[in-house]
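Structure record follows, encoded as structure tokens.
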Amino acid sequence: MPTKTLTRPENWVNKFEVDLNGGQDPSTDAEKAQWAEISQGLQTATPAANETADTQSFWNDKGFSETDVTGKRVTFAMTFQRVVGDEAQDYIASKFLSMGDSLRTLFRWIDQAGNTVIANATMTAIVPFGGNANARQTMSVTFSLNGVPVLGTGGKNNDDGDGENGTTSGSSQALGDKTASGDTGK
């Protein structure tokens, strides 16, 4: 039996983008979206499913229960070091005092395998700056996905596996080592 190669990709391989045009429909507005990559100063990104579960217990379960997930409210919580001039961060920060539909826009996530998720999202819990007087500013936002996202494949994440970022994510290839990709440096 062949040995299965296991990888441990870094989180930065995931790519996040926000539509600066404030598009609403992930099926029709994605093509005309003005995507801004969310990466400058990004320190953490934490997805959560926030599941709604229906738990039932039946006689044949003999005191145990069964659970069905009947809904999800997917969120992506992000924390940053504030980078003024970055179009994604500036767009998010500009919505601090906004309410209603002006907080909705398109959000796109491309995972390490190139799978894409595009959804209408509400920007919540926006903190445009913060921290100690003698520290760099922090910033945070949570993107709360609304409705059914549009799923796809073939997206280009931050490392498409060819090592263009200096090292292939999850590999043992050393930074700057081109021999694994067949490049001898000549």
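Take the sequence shown: its letters are residues 1 to 186, numbered as in full-length UniProt numbering.
All C-beta atoms in this analysis are idealised placements derived from N, C-alpha and C, irrespective of residue type, glycine included.
- When the Cα atoms are used, Ala135 and Thr79 turn out to be separated by approximately 15 Å.
- The segment 76 to 92 makes no contact with the segment 56 to 66; the number of CB pairs closer than 8 Å stays below 3.
- The Cβ atoms of Asn120 and Asn14 lie no closer than 8 Å to each other.
- Glu87 sits away from Ala30, with the two beta carbons spaced by 8 Å or more.
- Note on geometry: alpha-carbon atoms of Gly147 and Gly154 lie some 23 Å from one another.
- A distance below 8 Å separates the beta carbons of Phe107 and Phe143.
- In this structure, Tyr91 lies near Leu20, with their beta-carbon atoms less than 8 Å apart.
- Exclusion of the five residues before and after Lys72 leaves Ala49, Asn50, Glu51, Thr52 as the residues of its chain whose Cβ lies within less than 8 Å of its Cβ.
- Ranked by Cα distance from Val117, the options Ala77, Phe16, Ala93, Ala125 are led by Phe16.
- In the DSSP assignment, Lys72 is bridged to Glu51.
- Closest in alpha carbon position to Ala113, among Trp12, Thr75, Met1, Pro2, is Trp12.
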